[in-house]
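Engineer: Just passing along the structure, written as structure tokens.
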Amino acid sequence: MSMGEIAATTSLTWLASDPGLRAAMLAHLGTQVGMDLTSVERFVPEPVHDDRSRPDIAMLDVDGHTIALVEAKFGAHLTDDQVAAYLAGLNRRSGPHRGALFILVPPSRVDEAKRILERTINAQSETAAHAIVTWDEWLNVWAAVAEESSDAGLAGDLRQLRAMCHTLGGCVTPPLAGTATGRDWQERASDLVEIVDVVTRQLLGSWSPRSLPRQGKLVPTEPWVYRYLPMISPDTWVQVGVWGRFADEGLTPFWLMLHKDDRGSGGFQAALQRLMASELSRKVRRDDGHAWVPLEVSGDASGPELLDALRTTVGAVLRILKP
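Take 1028 as the starting number for the sequence shown in our numbering and just add one per residue.
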């Protein structure tokens, strides 16, 4: 988790010490899950449980039972295992209460959170109540309290927190939607460049980004951006990037290019043979001696889920190409 995310979630706990804010939020969250949360006495930041799970906020009753948990995300990963651990923990620690889990995310990650909750809930016979809440939704509840109370100091604190949340939320790549198959890719050019940069950096191994810099700009005069990855065999290179000409055909903007053999090492031909013997053979395109492999990702994925999907797809192709 980034320092910004930690600061934002810490601010939630601190502000929840205000009785008016706490009561309003408990009423709102209770409505979302059909529960009475008025027995919550305190918000505890980042409690460490015996299974080593650490939700961002625990809501406890007077006896220390966990009534609800909040897992707050901007750009950090949200995993099935995390959610499963929180749900299981609620079943053990909620005492006389049913227990509830709230996933707090920017709007761009709501669909991702829904998919993770659905997968996790389907795998469990018993589960706590659960709901997805956006940061704007949470802050709007509190803003209404501040407005009604005419508390200028509180309103100022909330404005600062909202500004921080908008900045952090803006760093999360929204779902590509139709851009995943090339539609309006120019409008998402900055996101595509960032995705390629982040994913290819993660695949450099011991190489530095200076040694294998990102190339291209993805602008009308240079409608591509890519980075070479470390050699897959002597004198055999691949590029991973975005090429506008493929997106213009209604295809994925992301491609891996197996560079043609300029030095006669034979590595390209051997890698190409492995590629053409794989299940990807029907998707391979040949152009100017190179071999191009589409890197398809879901238009529904966002943020870290999107980055993981592209990195996983690249990794699968590299495993085929490498001797």
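Built from N, CA and C at the ideal position, the CB exists for glycine as well.
1. I need the straight-line Cα distance from G1330 to V1089, nearest angstrom please.
2. State the beta-bridge partners of S1080 as determined by DSSP.
3. Taking 8 Å as the cut-off, does the stretch 1107-1117 touch the stretch 1041-1052 (at least 3 CB pairs, one atom from each stretch)?
4. For T1248 and P1074, what's the separation of their Cα atoms in angstroms?
5. List the endpoints of the continuous alpha helix (DSSP H) containing R1120.
6. Smallest Cα separation from V1137: which of F1070, R1309, G1196, N1167?
7. Note down, in chain order, each residue of its chain lying with its Cβ closer than 8 Å to the Cβ of A1103, except the 5 sequence neighbours on either side.
8. If you reduce the DSSP assignment to three classes, tell me which class F1281 lands in.
9. Tell me the start and end of each unbroken beta strand (DSSP E) in the stretch 1318-1348 that is at least 3 residues and wholly inside, in chain order.
10. Note down, one range per segment and in chain order, each beta strand (DSSP E) of at least 3 residues found wholly within the stretch 1156-1189.
11. Is W1282 near P1240, with beta carbons less than 8 Å apart?
12. Among A1034, T1154, N1167, which residue has its Cα nearest to the Cα of K1100?
13. Using beta-carbon positions only, say whether A1140 and G1061 come within less than 8 Å of one another.
14. Helix, strand or coil: which one does DSSP assign to L1245?
15. Just the Cα atoms here: how many angstroms apart are L1087 and E1068?
16. Rounded to the nearest angstrom, what separates V1311 and G1057 at their Cα positions?
17. Going by CA-CA distance only, name the one from T1106, L1128, W1212, R1079 that's closest to G1326.
18. List the endpoints of the continuous beta strand (DSSP E) containing D1211.
19. Rounded to whole angstroms, what is the Cα-Cα separation between W1270 and A1190?
20. Would you mind sorting T1065 into buried or exposed? The rule is 16 or more other CB atoms within 10 Å of its CB.
21. What does the Cβ neighbour count give for V1097, buried or exposed, with the cut at 16 atoms within 10 Å?
22. Which stretch, first to last residue, makes up the beta strand (DSSP E) that contains E1098?
23. Near P1134, which residues of its chain fall below 6 Å by C-beta distance, leaving aside the five closest residues on each side in sequence?
24. The beta strand (DSSP E) spanning A1103 covers which residue range?
25. Please report the straight-line C-alpha distance between T1036 and L1307, rounded to a whole angstrom.
26. Since A1085 sits in a beta bridge, which residues does DSSP pair it with?
27. Kindly confirm or deny that the stretch 1288-1302 and the stretch 1175-1192 touch, where touching means at least three C-beta pairs closer than 8 Å.
Structural biologist: Walking through what the data contain:
1. 38 Å
2. DSSP output for S1080 lists no bridge partner at all.
3. no
4. 53 Å
5. 1107-1120
6. G1196
7. M1028, S1029, E1032, P1331
8. strand
9. none
10. 1156-1161
11. no
12. A1034
13. no
14. coil
15. 6 Å
16. 52 Å
17. W1212
18. Taken as a continuous stretch (DSSP letters only), D1211 belongs to no beta strand (DSSP E), as it is neither H nor E.
19. 35 Å
20. exposed
21. buried
22. 1093-1099
23. T1161
24. Counting along the chain, A1103 falls outside any beta strand (DSSP E), and DSSP gives it neither H nor E.
25. 44 Å
26. V1071, L1096
27. no
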